[in-house]
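Using my numbering, the first residue of the sequence shown is number 26, and each one after it goes up by one.
One structure below.
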Amino acid sequence: MTSESVAQFPVTATIKENLTKEFNPSHLEVINESHMHNVPPNSETHFKVVVVADKFNSVKSPVQRHRLVNAALADQLEGPVHALSIVAKTPGQWEAMLNEGKTISASPKCRGGDGSLSSKSG
């Protein structure tokens, strides 16, 4: 990430930094999905993270893995991040998934909270 990207997208940069520091991942994706929601342009409020790390070899429960990721991002979750989707895999799980031709599912489009609001046009 360039210094210009860090300046323009500081939350994304901080998420990457925190997850790298905590997990030393072999694969990391931080996907800003804010544009899929009713927020101003260039917002950093909704994210999906894909974290592949050896640390998860000893943590079998997906819930426990998510708790570890949430703990690493506690400051962001208290502040600018409104929603976080987490994919946490061991390197073996990730490799098997790729070998089977599987990919990470795309997130659904925002339905306006409980779905009662009309979707934004555009």
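All C-beta atoms in this analysis are idealised placements derived from N, C-alpha and C, irrespective of residue type, glycine included.
All figures in this text were calculated on a predicted structure; none of them were measured in a lab.
Sorted by chain position, which residues of the same chain lie with C-beta nearer than 8 angstroms to residue 45's C-beta, five sequence neighbours on each side aside?
What you label residue 45 is simply residue 20 of the sequence shown in a count that begins at 1. Answer for residue 45: 53, listed in chain order.
Report all residues from its chain with a CB closer than 6 angstroms to the CB of residue 55; omit the five preceding and five following residues, and keep chain order.
The residue you call residue 55 lines up with position 30 of the sequence shown. Here the set comprises 37, 40, 41, 74.
Considering only the beta carbon of each residue, do residue 78 and residue 49 sit closer than 8 angstroms?
As a working note, residue 78 is residue 53 in the sequence shown. As a working note, residue 49 is residue 24 in the sequence shown. Yes, the Cβ-Cβ distance between residue 78 and residue 49 is below 8 angstroms.
When burial is assigned at 16 or more other CB atoms within 10 Å of the CB, is residue 98 buried or exposed?
In the sequence shown, counting from the first residue as 1, residue 98 sits at position 73. Burial call: buried.
Looking at residue 81: is its Cβ nearer than 8 angstroms to the Cβ of residue 109?
In the sequence shown, residue 81 corresponds to position 56, counting from 1. In the sequence shown, residue 109 corresponds to position 84, counting from 1. Contact: no.
Ignoring anything shorter than 4 residues, give me the alpha helix (DSSP H) runs that lie fully in the stretch 41-116, in order along the chain.
The stretch 41-116 contains these whole alpha helix (DSSP H) runs: 87-97, 99-103.
Quick test of your reading: residue 57 and residue 47, contact by CB under 8 angstroms. State the CB separation rounded to the nearest angstrom.
Translated into the one-based positions of the sequence shown, residue 57 becomes position 32. Translated into the one-based positions of the sequence shown, residue 47 becomes position 22. Not really, about 20 angstroms apart at Cβ, beyond 8 angstroms.
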